[in-house]
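Structure first, then comments.
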Amino acid sequence: MADLTVLAPVGGVVHALADVDDPVFSGEIVGPGLAVQPTGTQVVAPVAGVVAKLHPHAFVLVAEGGRGVLVHLGINTVQLGGAGFVLHVAEGDVVEPGQLLVEWDPVAVEAGGRSAICPVVALEAAPDALTRLASPGAEVSAGDPLFRLA
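Structure representation (structure tokens):
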């Protein structure tokens, strides 16, 4: 199976998953990855694939070969019930890297007392399958390479 490059779904500052204030992400329970503290309002597809699961605050794309990538927009944002999120795709849609998927307001999320950090997780991947292409502390734009899966 070919390597899969996962792009940053949002622009912002890269963080290690260990820095995310949620034990499921910080403990890499669902898989390894990185997180981005967002600076913009647009969320783009990190890989080409099918939208397997779509909630206003999170989505899973399944790339060729069956590898899943989870993007979670903020922490505890499920509590918002979709308020403040605009979806541009539906479950089952085929998307291309960099395609606009969601628009949201991370500043409003933080003003409401929640973290807007966005974990980007390689679902069920082994930790050693991931190669970081952006280091924690680096600033990325949406669509920049984030990590590669072997």
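The UniProt record's numbering applies: residue 1 is where the sequence shown begins, and numbers increase by one.
Every residue, glycine too, gets a C-beta built ideally from N, C-alpha and C.
Here the structure is a predicted model, which means the values were calculated and not measured.
In or out: residue 28 buried (at least 16 other Cβ within 10 Å) or exposed?
Working through the sequence shown from its first residue, we reach residue 28 at position 28. Looking at its Cβ environment, which holds 16 or more other Cβ atoms inside 10 Å, residue 28 is buried.
According to the Cβ coordinates, are residue 124 and residue 33 closer than 7 Å?
Residue mapping note: residue 124 aligns to position 124 of the sequence shown, counting from 1. Residue mapping note: residue 33 aligns to position 33 of the sequence shown, counting from 1. Contact check for residue 124 against residue 33 fails: the beta carbons are separated by 7 Å or more.
What's the gap between the Cα of residue 122 and the Cα of residue 42?
Reading the sequence shown from its first residue, position 122 is the one you call residue 122. Reading the sequence shown from its first residue, position 42 is the one you call residue 42. When rounded, the distance between both Cα atoms is 21 Å.
Residue nearest to residue 85 in terms of C-alpha spacing, selected from 67, 59, 95
Walking along the sequence shown from the start, residue 85 turns up at place 85. Comparing Cα positions, the closest option is 59.
Pull up the CB-CB distance for residue 116 and residue 9, whole angstroms please, since I reckon it's below 8 Å.
Counting from one through the sequence shown, the residue named residue 116 turns up at place 116. Counting from one through the sequence shown, the residue named residue 9 turns up at place 9. Their Cβ separation, rounded to whole angstroms, is 13 Å, which puts residue 116 and residue 9 out of contact at 8 Å.
Spatial neighbours of residue 148 within its chain, please: CB distance less than 8 Å, with the 5 preceding and 5 following residues excluded, ordered by chain position.
As a first step, residue 148 is located in the sequence shown; it is residue number 148 there, counting from the start. 3, 4, 5, 6, 130, 131, 133, listed in sequence order.
For residue 37, the residue or residues it bridges with in DSSP
Along the sequence shown, read from residue 1 onward, the residue named residue 37 stands at position 37. Per DSSP, 13.
Out of curiosity, what's the CA-to-CA distance linking residue 119 and residue 75?
Numbered from its first residue, the sequence shown carries residue 119 at position 119. Numbered from its first residue, the sequence shown carries residue 75 at position 75. Rounded to whole angstroms, the separation of the alpha carbons of residue 75 and residue 119 is 9 Å.
Are the CB atoms of residue 55 and residue 77 nearer to each other than 7 Å?
The residue you call residue 55 lines up with position 55 of the sequence shown. The residue you call residue 77 lines up with position 77 of the sequence shown. Not closer than 7 Å, so no.
Chain-order list of residues whose beta-carbon lies under 7 Å from that of residue 44 (same chain, five-residue window excluded)
Residue 44 sits at position 44 when you count from the first residue of the sequence shown. The beta carbon of residue 44 is closer than 7 Å to those of 9, 98, 99, 100, 101, 142, 143 in its chain, skipping five residues each way along the sequence.
Whose CA, out of 40, 139, 128, 25, lies closest to the CA of residue 107?
Working through the sequence shown from its first residue, we reach residue 107 at position 107. Checked all of 40, 139, 128, 25; the closest Cα to residue 107 is 40.
Residues sharing a beta bridge with residue 42, DSSP
Here residue 42 is taken as the residue at index 42 of the sequence shown, counted from 1. In DSSP, residue 42 forms a bridge with 103.
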